[in-house]
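Student:
2 protein chains.
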Amino acid sequence: MRMHAHRSDTRLASLVLAFLLLIAAANSVFAQEVLSSWSDGAAKTRIMAFVKATTTEGTDRYVAPDDRIAVFDNDGTLWSEQPFYFQLGFMLDRVKVLAPQHPEWKAKEPFKSILAGDLAGVAKSGEKGIVELGMATHAGMTTDEFAKIVTDWFATARHPKTGKPYNEMTFVPMRELLDYLRANGFRTYIVSGGGVEFMRPMTEKAYGIPAEQVIGSTIVTQYDLVDDVPVLRRLPKIDFIDDGPGKPSGINKFIGRRPIFVAGNSDGDYEMLRWVTAGKGPSFAMIVHHTDATREYAYDRKSAFGKLDKALDEAAQRNWLVVDMKDDWKKIYPFEQ
Amino acid sequence: MRMHAHRSDTRLASLVLAFLLLIAAANSVFAQEVLSSWSDGAAKTRIMAFVKATTTEGTDRYVAPDDRIAVFDNDGTLWSEQPFYFQLGFMLDRVKVLAPQHPEWKAKEPFKSILAGDLAGVAKSGEKGIVELGMATHAGMTTDEFAKIVTDWFATARHPKTGKPYNEMTFVPMRELLDYLRANGFRTYIVSGGGVEFMRPMTEKAYGIPAEQVIGSTIVTQYDLVDDVPVLRRLPKIDFIDDGPGKPSGINKFIGRRPIFVAGNSDGDYEMLRWVTAGKGPSFAMIVHHTDATREYAYDRKSAFGKLDKALDEAAQRNWLVVDMKDDWKKIYPFEQ
């Protein structure tokens, strides 16, 4: 009789054992997979120490899940921004597509230079030229139409150096960091100077970041009826520039509380880095430093895109982590072998 | 031996039974609690039918969790807006607090009328006067300072009719609806003409809606340093009015996708109701109709606050649910017996 009772206990014990093994396996997989494209070193260690401290109850650095908000710049932080912001690539392509409807562009900058393939000429048109370019390519359609234009562009456009789709030009270590933070109860936001409706069609798939967690520059939209069906028209009028000192304002407007984790890569992120690290509780700031001329690009102080000067100077004094892409990242792009 | 094996099986069976009972109890509690302040009738039935259809996989009206977004007007929809918008109550109180620092207000409208307790005089100052009043009471401080001012006000101010704190003047059936939608995988947003930084200090506790899911009117904020500490200053300049046709724009800007559920109570919500119900998939719109002069207020077409005219006229034709507060709600306020 002892044996039979034992048989039943054994069945239960086997189940428990199987369950424990499953948990152990899951933990082991988890331990292996966290930030696996990051080199073992100070950068990875500091990030993990911050996440551990802020998610461990009972410690004085613990942060409740509601306040675990992480903000990420996009261009140069989550994906490449060289040889030019990818949104500029979109504008250049759109000008070529729209040119037949705009014969006047042949004589008008910056369109003339674009159509002649003269990027230096485009740069000469300055901020005024870029704004005009932005309005010509981003306004005049409904929000639904624009989303389709962007989606179609991402499906066909290719990066000039790698020949890969732009939405594959994302940094694997940063995608791992986003996953890791979310697995630890953080909500991850993009806070970018890029146009919000340019980014949204790709952020969910590329980063696991839904549309409502993308903060960016906006143009004015206007409610209208077409055959009694409501649409939102994109007007050629800037609503908000989410860059530099605009980033803390954008964070305040859209999120309404101060993040505790921030990642950027340029002086356009300087005020956001300051804002996040001025919070009363624990906070963490990191700068992606582009140091890898072979696998990506090497640039900082004199770059036209992603100039990193002031933030780099102050990083040590402010205890901001500077991530060296060449040394700290074992892998950069998803398509690398 | 059979007996002993049986003893072990019995233990297991007891556990399973206890577990099933627990589930049954939980379900029963759930069934009792869903929309319990709503009368059994067409309104409640229609709401529950929509939620069931959109959350049942395999049906043609099923909506994936990512797209289950519900938007709610605040004033008159989630809480009362009578005898005046509560944010106006805040402004009136602030003018009294700030008056000693502004001797010039004694001779200047709308401040003069406010200090004389003459609400009709305030109304006479028109939109220009109200904007001036808003700027005088909402700008000139940092965002942190303003949050404290609002929090302190909510802690002490009382509704002129009920004598209750304003954040208890919320509608219990709507709070139940928010809970019910969230329990079914919806994300609930406020989309209000009210100031976003006026609402955020109370929405989490009152509605379970976190700061980042509150969309409202905004003023311009500016990044600044005080003793080398970053602050955001609230400037006396309107950034965005989230009302009427502005509501679809606000939804697009902040959420970036079209909600499938909307609740409003006035013509200021008309375009938002149109926008949501013009989506390609299933959608649901409801209007809170203030019909209860005894427990709350009765008003619609001629009201200064919460005028409901066009939306009411078109509700039947557009299949928008009109909720009759008197008949459809068994309870209105949390403090009712």
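Same order as they appear, the protein sequences are chains P and B. Residue numbering for the first sequence follows this note's numbering, beginning at 319 and increasing consecutively. Residue numbering for the second sequence follows this note's numbering, beginning at 319 and increasing consecutively. Don't be surprised by glycine CBs; every beta carbon is placed ideally from N, CA and C. Quantities reported herein were computed from a predicted structural model and do not represent experimental measurements.
Mark E654/B as exposed unless 16 or more other C-beta atoms lie within 10 angstroms of its C-beta, in which case mark it buried.
Tutor: Position 336 of the second sequence, counted from the first residue, corresponds to residue 654/B. Exposed, by the Cβ-count rule.
Student: Contact between the segment 597–614 of chain P and the segment 510–529 of chain P is defined here as three or more beta-carbon pairs at a separation below 8 Å; is this criterion met?
Tutor: Counting Cβ pairs under 8 Å, fewer than three are found: no touch.
Student: Since T363/B and A371/B are thought to touch, with beta carbons under 8 Å apart, how far apart are those beta carbons, to the nearest angstrom?
Tutor: Along the second sequence, one-based indexing puts residue 363/B at 45. Along the second sequence, one-based indexing puts residue 371/B at 53. Rounded, the Cβ-Cβ distance is 12 Å, inconsistent with contact.
Student: Anything in chain B within Cβ reach of A529/P, meaning under 8 Å, just list it in chain order.
Tutor: Counting from one through the first sequence, the residue named residue 529/P turns up at place 211. I573, G574, R575, listed in chain order.
Student: By Cβ distance, which residues of its chain are closer than 7 Å to R518/B, with the 5 residues on each side in sequence left out?
Tutor: Here residue 518/B refers to the residue found at position 200 when the second sequence is read from its first residue. Excluding positions up to five away in sequence, the list reads A529, V532.
Student: Count the other CB atoms, across all protein chains shown, that sit within 10 Å of the CB of K565/B; report buried if there are 16 or more and exposed otherwise.
Tutor: What you label residue 565/B is simply residue 247 of the second sequence in a count that begins at 1. So K565/B counts as buried.
Student: For the beta strand (DSSP E) that contains S535/B, what are its first and last residues?
Tutor: Counting from 1 along the second sequence, the entry for residue 535/B is found at position 217. From DSSP, the beta strand (DSSP E) with S535/B extends over 532–544.
Student: Please classify H420/P as buried or exposed, where buried requires at least 16 neighbouring CB atoms within 10 angstroms.
Tutor: Along the first sequence, one-based indexing puts residue 420/P at 102. Looking at its Cβ environment, which holds fewer than 16 other Cβ atoms inside 10 Å, H420/P is exposed.
Student: Who are the Cβ neighbours of T373/P in its own chain at under 6 Å, not counting the five residues just before and after it?
Tutor: Mapped onto the first sequence, residue 373/P falls at position 55. Taken in chain order, the residues that qualify are N502.
Student: By the three-class DSSP mapping on this structure, what secondary structure does T374/B have?
Tutor: Looking up residue 374/B in the second sequence gives position 56. Reduced to three states, the DSSP call for T374/B is coil.
Student: Mind listing the chain P neighbours of T536/B? Cutoff is C-beta to C-beta under 7 Å, in chain order.
Tutor: Counting from one through the second sequence, the residue named residue 536/B turns up at place 218. Simply K571.
Student: Relative to the alpha-carbon of F572/P, which residue among A360/P, G359/P, V389/P has its alpha-carbon at the smallest distance?
Tutor: Translated into the one-based positions of the first sequence, residue 572/P becomes position 254. It is V389/P.
Student: So, are the CB atoms of V641/B and A633/B less than 8 Å apart?
Tutor: Position 323 of the second sequence, counted from the start, is the residue given in the question as residue 641/B. Position 315 of the second sequence, counted from the start, is the residue given in the question as residue 633/B. Taking 8 Å as the Cβ cut-off, V641/B and A633/B do not qualify as a contacting pair.
Student: On the DSSP letters alone, give me the boundaries of the alpha helix (DSSP H) that M492/P sits inside.
Tutor: Here residue 492/P refers to the residue found at position 174 of the first sequence. Its alpha helix (DSSP H) spans residues 490–501.
Student: Which chain B residues sit within Cβ distance under 9 Å of L596/P?
Tutor: Residue numbering aside, residue 596/P sits at position 278 when the first sequence is read from its first letter. Residue identity check: residue 596/P is Ala in the sequence provided, not Leu. Correct list: V547, P548, V549.
Student: For T474/B, which three-state DSSP category applies?
Tutor: Here residue 474/B refers to the residue found at position 156 when the second sequence is read from its first residue. Note: T474/B maps to helix in three-state DSSP.
Student: Leaving out the 5 sequence neighbours to the left and right, which residues in its chain are closer than 6 Å to T395/P when beta-carbon positions are compared?
Tutor: Position 77 of the first sequence, counting from 1, holds the residue named residue 395/P. Contacts found: A581, G582, N583, V606.
Student: Quick one: is V549/P buried, meaning 16 or more other Cβ sit within 10 Å of its Cβ, or exposed?
Tutor: Counting from one through the first sequence, the residue named residue 549/P turns up at place 231. Looking at its Cβ environment, which holds 16 or more other Cβ atoms inside 10 Å, V549/P is buried.
Student: V347/P to V594/P, Cα distance in whole Å?
Tutor: In the first sequence, residue 347/P corresponds to position 29, counting from 1. In the first sequence, residue 594/P corresponds to position 276, counting from 1. Below a pLDDT of 50, predicted positions are generally treated as unreliable, and V347/P, at 47, falls in that range; the measurement from the model is reported next regardless. Near 32 Å, if we compare the C-alpha coordinates of V594/P and V347/P.
Student: Are any of the Cβ atoms in chain B nearer than 8 Å to that of V640/P?
Tutor: By one-based count along the first sequence, residue 640/P stands at place 322. Cβ-Cβ to chain B under 8 Å: no for V640/P.
Student: Who does V606/P pair with in a DSSP beta bridge?
Tutor: Residue numbering aside, residue 606/P sits at position 288 when the first sequence is read from its first letter. Partner(s): V641/P.
Student: When the Cα of N485/P is compared with those of L499/P, V468/P, Y498/P, which residue comes out closest?
Tutor: The residue labelled residue 485/P in the question sits at position 167 within the first sequence. Residue V468/P is the option with its Cα nearest to N485/P.
Student: Under 7 Å between beta-carbons, which chain B residues line up against W593/P? List them in chain order, please.
Tutor: Indexing the first sequence from 1 puts residue 593/P at position 275. Near W593/P (Cβ distances below 7 Å), the residues of chain B are P548.
Student: With a threshold of 16 other CB atoms inside 10 Å of the CB of V415/P, please say whether the residue is buried or exposed.
Tutor: Taking the first sequence and counting its residues from 1, the one referred to as residue 415/P is at position 97. With fewer than 16 other Cβ atoms within 10 Å, it is exposed.
Student: In chain order, which continuous runs of the beta strand (DSSP E) of length 3 or greater are located wholly inside the segment 359–423 of chain P?
Tutor: Qualifying beta strand (DSSP E) stretches, in chain order: 387–390.
Student: For a quick check, are the C-beta atoms of K625/P and D560/P less than 8 Å apart?
Tutor: On the first sequence, residue 625/P is found 307 positions in, with the first residue counted as 1. On the first sequence, residue 560/P is found 242 positions in, with the first residue counted as 1. In this structure, D560/P does not lie closer than 8 Å to K625/P by Cβ.
Student: Going residue by residue through the segment 551–627 of chain P, where are the continuous alpha helix (DSSP H) segments of at least 4 residues, counting only ones entirely within it?
Tutor: The qualifying runs are 564–572, 588–595.
Student: If distances are taken between C-alpha atoms only, which option among G481/P, D462/P, M590/P comes closest to G656/B?
Tutor: What the structure shows of chain B is the stretch from 319 to 655, and residue 656/B is not part of that stretch, so it cannot be assessed.
Student: Which partner residues does T506/P have in the DSSP bridge list?
Tutor: Position 188 of the first sequence, counted from the start, is the residue given in the question as residue 506/P. BP columns for T506/P point to A388/P.
Student: Please say whether M487/B and Y380/B have beta carbons closer to each other than 8 Å?
Tutor: Position 62 of the second sequence, counting from 1, holds the residue named residue 380/B. Position 169 of the second sequence, counting from 1, holds the residue named residue 487/B. No; because the gap between Cβ atoms is not below 8 Å, this pair is not in contact.
Student: Grouping DSSP H, G and I as helix and E and B as strand, with all else coil, what is P519/P?
Tutor: By one-based count along the first sequence, residue 519/P stands at place 201. In the structure shown, P519/P sits in a helix (DSSP, three-state: H, G or I).
Student: Would you say A629/P and R552/P are within 8 Å of each other, going by their C-beta atoms?
Tutor: As a first step, residue 629/P is located in the first sequence; it is residue number 311 there, counting from the start. As a first step, residue 552/P is located in the first sequence; it is residue number 234 there, counting from the start. No. Outside cutoff.
Student: For V347/B, does the three-state DSSP call read helix, strand or coil?
Tutor: Here residue 347/B refers to the residue found at position 29 of the second sequence. Confidence in V347/B is poor, its pLDDT being 48 and thus under 50, which makes the residue's placement too unreliable to answer from.
Student: Quick one: Cα of G407/B to Cα of A454/B, how far?
Tutor: On the second sequence, position 89 is the one that residue 407/B refers to. On the second sequence, position 136 is the one that residue 454/B refers to. When rounded, the distance between both Cα atoms is 14 Å.
Student: Can you list, in chain order, the residues of the segment 429–463 of chain B whose Cβ is nearer than 8 Å to any Cβ on chain P?
Tutor: Answer in chain order: T461.
Student: In the DSSP assignment, the alpha helix (DSSP H) including E654/P goes from what residue to what residue?
Tutor: Within the first sequence, residue 654/P is the residue found at index 336, counting from 1. Element bounds for E654/P: n/a, residue is neither H nor E.
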